[in-house]
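I have placed the structure first, in the form of structure tokens, so that the comments after it can refer back to it.
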Amino acid sequence: MSGFPEIVRRLPEAEAPFRGITLRLLQGPTACATFVEATQDSEVAEHSHGAQWGIVVAGELVLTIGGKTRVLRPGEEYLVPAGVPHSATLKAGVRVIDFFDDPNRYRPRKS
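The sequence shown maps to residues 11 to 121 in this note's numbering.
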């Protein structure tokens, strides 16, 4: 069961290639946000895209941005500048809110 409240769980699930990770998607004309929850320990391989800001809501996130690794816990924020390579390890139970400056970074999952 999701740790996010019903108002978040009603958002559409995003198409995402990550195993054990659920993303709920909120899109606007200039940006999008995802409410991320890992049901198992999961890895996100190194990649880059437009700017991303995030905050850990629960659990633990290990994030490497531009070669520097940080362990983030509830209440801690991060900023990934546009084009900077980054990767992550999401521990089971972690919940994160991510904000992307690209409204089409993720798309709703097709039924």
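No residue lacks a Cβ here, since even glycine has one placed at the ideal position from N, Cα and C.
Between the segment 85 to 92 and the segment 35 to 46 there are fewer than three inter-stretch CB-CB distances shorter than 8 Å, so the stretches are not counted as touching.
Here E16 carries a helix assignment [DSSP, helix/strand/coil].
Under the rule that a run must span 3 or more residues, the beta strand (DSSP E) segments found entirely inside the segment 51 to 103 read 52 to 57, 62 to 68, 71 to 75, 78 to 82, 87 to 90 and 96 to 100. In the same chain as V94, and ignoring 5 residues on each side of it, the C-beta atoms closer than 8 Å to its own belong to S58, I75 and G76, in chain order. In the assembly as shown, A48 is a buried residue. Its beta-carbon has 16 or more other beta-carbons within 10 Å. Rounded to the nearest angstrom, the gap between the Cα atoms of Y116 and G38 is 12 Å. For L82, same chain residues with a beta-carbon under 8 Å away, outside a window of 5 residues either side, are V66, E70, L71, V72, L73 and Y88 in chain order. Burial check for I31: the Cβ neighbour count within 10 Å reaches 16 or more, so the residue is buried. Under DSSP, R34 takes part in a beta bridge, and its partners are E23 and F45. In this structure, DSSP gives P118 an extended state, which the three-state scheme calls strand. At a Cβ-Cβ threshold of 7 Å, P22 and P113 do not count as neighbours.
Within the DSSP secondary-structure output, R29 pairs in no beta bridge.
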